[in-house]
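J.: In the order they appear, the protein sequences are chains F and L.
Under the numbering used here, the residue at position 58 of the first sequence is numbered 49, and the numbers go up by one with no gaps.
Under the numbering used here, the residue at position 167 of the second sequence is numbered 158, and the numbers go up by one with no gaps.
Each residue gets a CB set at the ideal place from its N, CA and C atoms; glycine is no exception.
Since the structure is predicted, the reported quantities are computational estimates derived from the model, not experimental observations.
Okay, handing you the structure first.
Protein chains: 2
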Amino acid sequence: MLVAKETELRRRYDVRWRLTGLATRRAGWVADPDGLSPLPILNGHWPPRQPRRDVREWLENARADVLFEASSLVAQTGQPAIEHLKAALELDAHAITANKGPIVHAFRELAALAHEKKRKFLYEATVMDGVPIFSLFPLGLPATELRGFSGVLNSTTNVILTEIEKGRSFEDALKRAQSLGVAETDPAADLDGWDSAVKATALAIVLMDVPIKLEQVQRIGIRDLSEDKIRSVRAAGMRYKLVCRAERRGDSVACTVQPELLLASDPLANLEGTSSAIRFDLDVFSISIVEHNPGVEATAYGLLADFLRAVQP
Amino acid sequence: MLVAKETELRRRYDVRWRLTGLATRRAGWVADPDGLSPLPILNGHWPPRQPRRDVREWLENARADVLFEASSLVAQTGQPAIEHLKAALELDAHAITANKGPIVHAFRELAALAHEKKRKFLYEATVMDGVPIFSLFPLGLPATELRGFSGVLNSTTNVILTEIEKGRSFEDALKRAQSLGVAETDPAADLDGWDSAVKATALAIVLMDVPIKLEQVQRIGIRDLSEDKIRSVRAAGMRYKLVCRAERRGDSVACTVQPELLLASDPLANLEGTSSAIRFDLDVFSISIVEHNPGVEATAYGLLADFLRAVQP
Chain F
-8 MLVAKETELR RRYDVRWRLT GLATRRAGWV ADPDGLSPLP ILNGHWPPRQ
42 PRRDVREWLE NARADVLFEA SSLVAQTGQP AIEHLKAALE LDAHAITANK
92 GPIVHAFREL AALAHEKKRK FLYEATVMDG VPIFSLFPLG LPATELRGFS
142 GVLNSTTNVI LTEIEKGRSF EDALKRAQSL GVAETDPAAD LDGWDSAVKA
192 TALAIVLMDV PIKLEQVQRI GIRDLSEDKI RSVRAAGMRY KLVCRAERRG
242 DSVACTVQPE LLLASDPLAN LEGTSSAIRF DLDVFSISIV EHNPGVEATA
292 YGLLADFLRA VQP
Chain L
-8 MLVAKETELR RRYDVRWRLT GLATRRAGWV ADPDGLSPLP ILNGHWPPRQ
42 PRRDVREWLE NARADVLFEA SSLVAQTGQP AIEHLKAALE LDAHAITANK
92 GPIVHAFREL AALAHEKKRK FLYEATVMDG VPIFSLFPLG LPATELRGFS
142 GVLNSTTNVI LTEIEKGRSF EDALKRAQSL GVAETDPAAD LDGWDSAVKA
192 TALAIVLMDV PIKLEQVQRI GIRDLSEDKI RSVRAAGMRY KLVCRAERRG
242 DSVACTVQPE LLLASDPLAN LEGTSSAIRF DLDVFSISIV EHNPGVEATA
292 YGLLADFLRA VQP
C-alpha cells in the first residue's frame, strides 16, 4: 500500500517514507536505517534472515519514526502487541496497530503514553479495516452522544451462516470459510464469538469511554444454532447473524455477542462474504455503515490512513 | 439545537454563542448585537417584526461571526442563498449552509472567497442532514480515489414508492408524503428528480473535484413508472428506487438520476420513510452509509457540527 500510494503521498501530502525495519515470524527481524528496498521484498526476496531480537533494539537499529503493528490477536492478553506499541512510543515513534488486543487490554495506558510522548497511538484498522469508524467520532460527529451500537463484524461466521442457508452442512460451510482464507485453522475464536467480543469491547472502550472488560461481554457463539433453524427462518425472509450489541446503562455499558434473528430489511442482515456492518445510535440520529466484501488491502489502507493522520501537521 | 447542546458546547469544547440576528419570511429581519433571547422565540414570542433589509446591513447590525443559511432551494440559480453566503464571508463571518444550491452554482467562488478571508464555508447539512459525508473525505478517507457513488437521497419519492408497493395509488401515495411533511405542496422538484440531481451534482463537484453542471445530469423522475410495475417487482423481492449515480470517466463524471430496479439485498433498496443511503466506490474498498428515518433535528445537528468545525481552533 505504501508503494502503491507513494506518488500520491508525495504530491498531495508532501509525505515521503523509507522502510527501515521489518519483522515477521517467517523472515526474522531486519533493520537498516539507510532503508530496505520494498520491491524485492514484495517479490519474495527477503534480506538475510537475522535472529529474533528485542523489539527495542530492533526499533533503535531501524531508527523508527513510525511502527506498524500487525501481529496476530491474542484475545486474552493483547500481548506481545502491547509491548511492541509501548516500545515504539517510548522510543518516540508513532504507534499504529491493526491488532485490537491492545485496545481491549491497555487502551488508557497506551493513550496516556502517546499523549506524554507527543506521539500518536492509532488503531483505525482494528475494526472494519480502513473504514473510518474511530476517526468518525471526534471530527465527523462532534457534540454527539453515542447511546449504543450493533454490528456484524466477523467474516468467518458470516460465511458459515450464508453457506448453511444455501444447504451446506456446518462442517462443509466451515471448510468453505477456511478455503476462502477468512477462517483460521483453529476457528474457535470466530465460532465462539471471541473475535466479535474483542471488537465490541474495543468500540465500547474508545467510543463510549467506559473501561469495560472482555469478561463482561455476554457471549454466545454460533455452534448451538441448528442448520434447520438457520434455513427455515431464511424462507420466512429472515436471517441469523452473529450480532455485537452495546447499550449505555447509566455509567456502564451492557455488551452482548450472540446469534440474532434479523429482518431481511435490516442493513445488518444483508451481508455476504467478508462484508461487515455497524449501526450507531446517537442522540441526534442513527446511521449504519456497511463495508462491501473487502480484501486484505482494505486493512493495509487502514494502516496507511493512520500513517497520514500521524505524520501530517 | 444550540440551546439543547449549550452545556455540552461549553464544557466539552469551551464554545459559547449568542444569537444576534434572525431572518425569516414569517418574522422579518431582526438584529441585536447584545443578543436575542432564544427561548421566547422558540415558544413563538418573536421580537417586533422589522421590514426586510439588505442582508449586508442586517449582518453588520448583528455583528455576525457566523451565518447559518437555511433558505429554500432554488435549483436553477442557487439564489438568494449564494448572495447571503457571499455577504457573510465578505463581512468576515463563517458561512454555514443547509442549502445545496450554492454548491451547485457557486462552489469554487465561495470556497475561494472563504480561503481569502480565512473563514469557513461549510455545507455538511446539504446532503443526508448531519451525517458526515463531506467531512468524511479529507480526514476519514485520506489518500483515496473516489471512483463513483450511488445513492437514494430523496425522501418524497421514497415514501411514494413504498406506499404504492403497499397498494396505494400514486395520488394517494403523494398525499401521504405531503401529510408526513416531507413533500412540498408543489412536489415537482422531487418527482422529476431535481432534488436528487442537485444533490448528486453537489457531491460530484465537492468529492470528485469536477465542475459538472446541473444540466449535464441525465435525469428521469418517477412519474412514468406504473403502479403495476412497482408492485410486481416487489413480489419478486426487488424494489424500484430513484437512484443518483456518478462515475468518473477520465477527466469528467457521468451523472444520472433515474428509477432503478434494485435487489432487496442492496443497502440502497431497504429504505423506508425519510431514510436515505449512499454507496461510495473507492479505489481501496466500497462502503455504504445509511441514515435511519431522521427528523428535522438531524439537519439542525448538521449545522451545529459545522459551527463547531468553524469556531474550534
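Measure the CB-CB distance between Gly12/L and Ala53/L and report whether it falls below 8 Å.
T.: In this structure, Ala53/L lies closer than 8 Å to Gly12/L by Cβ.
J.: Given Val46/L, which residues of its chain have a CB within under 6 Å of its CB, disregarding the five upstream and five downstream residues?
T.: His75 and Ala78
J.: Ordered along the chain, which non-local residues of its own chain (more than five positions away) have a Cβ less than 7 Å from that of Leu137/F?
T.: Leu198, Met199, Phe271 and Leu273
J.: Under 8 Å between C-beta atoms, does Ala134/L make it to chain F?
T.: Answer yes: the Cβ-Cβ gap between Ala134/L and chain F drops below 8 Å somewhere.
J.: Kindly give me the distance between the Cβ atoms of Asp181/F and Thr148/F, rounded to whole angstroms, as I take these residues to be in contact under 8 Å.
T.: 6 Å
J.: List the residues of chain F whose Cβ lies closer than 9 Å to the Cβ of Asp120/L, in chain order.
T.: Val275 and Phe276
J.: Less than 8 Å between the beta carbons of Val269/F and Ser279/F, yes or no?
T.: Reading off the sequence, residue 269/F comes out as Ile, not Val. Yes, Cβ-Cβ distance for Ile269/F and Ser279/F is below 8 Å.
J.: Would you mind reading off the limits of the alpha helix (DSSP H) that contains Gly92/L?
T.: Unbroken alpha helix (DSSP H) run through Gly92/L: Gly92 to Lys108.
J.: Determine which residues of the stretch -2 to 13 of chain F have a Cβ less than 8 Å from any Cβ of chain L, and write them out in chain order.
T.: Glu(-1), Leu0, Arg3 and Tyr4
J.: If you scan the stretch 217 to 284 of chain L from start to end, which runs of the beta strand (DSSP E) of 3 or more residues do you find wholly inside it?
T.: 229 to 240, 243 to 254, 267 to 273 and 277 to 283
J.: What are the residues in the stretch 283 to 296 of chain F lying within 7 Å of chain L by C-beta distance?
T.: The residues in question are His283, Pro285, Glu288, Ala289, Tyr292, Leu295 and Ala296.
J.: Under 8 Å between the Cβ atoms of Glu251/L and Ser266/L?
T.: no
J.: Return the Cβ separation of Leu82/L and Ala55/L in integer angstroms, given the expectation that the two are a contact with Cβ distance under 8 Å.
T.: 7 Å
J.: Name the chain L residues whose beta carbon is nearer than 7 Å to that of Lys(-4)/F?
T.: For Lys(-4)/F, the C-beta contacts it makes with chain L under 7 Å involve Ala134, in order along the chain.
J.: Would you kindly check if the distance between the Cβ of His85/F and the Cβ of Ala245/F is under 8 Å?
T.: no
J.: Taking any Cβ of chain F, which residues in the stretch 246 to 263 of chain L have a Cβ under 7 Å from it, in chain order?
T.: Ala255, Ser256, Pro258 and Asn261
J.: Between Arg210/L, Ala191/L and Leu10/L, which lies nearest to Arg239/L when the distance is taken from Cα to Cα?
T.: Ala191/L
J.: Extract the residue ranges of the alpha helix (DSSP H) inside the stretch 177 to 204 of chain F, only unbroken runs of 4 or more that lie entirely within it.
T.: 179 to 182 and 185 to 198
J.: Would you mind telling me which residues of chain C sit closer than 7 Å to Leu80/L, beta carbon to beta carbon, in chain order?
T.: Here the protein chains are F and L, and chain C is not one of them.
J.: Find out if the Cβ-Cβ distance for the pair Ser193/L, Val95/L is shorter than 8 Å.
T.: Before going further, note that residue 193/L is Ala rather than Ser in the sequence given. Yes, they are a contact pair.
J.: Have a look at Ser160/L and Glu218/L and give me their C-alpha separation to the nearest angstrom.
T.: 7 Å
J.: How would you list, in chain order, the residues of chain L whose beta-carbon sits under 9 Å from the beta-carbon of Ile280/F?
T.: Per Cβ cutoff of 9 Å: Ile278, Ser279, Ile280 and Val281.
J.: Can you tell me the Cα-Cα spacing of Ala72/F and Gln70/L, whole angstroms?
T.: 56 Å
J.: Between the beta-carbon of Leu27/L and the beta-carbon of Val21/L, is there less than 8 Å?
T.: Closer than 8 Å, so yes.
J.: Looking at chain L, which residues of the stretch 101 to 126 of chain F have a Cβ within less than 8 Å of any of its Cβ atoms?
T.: Asp120, Gly121, Val122, Pro123 and Ser126
J.: Please report how far the alpha carbon of Arg373/L lies from the alpha carbon of Pro202/F, in whole angstroms.
T.: With chain L covering -8 to 304 only, the question about residue 373/L has no answer from this structure.
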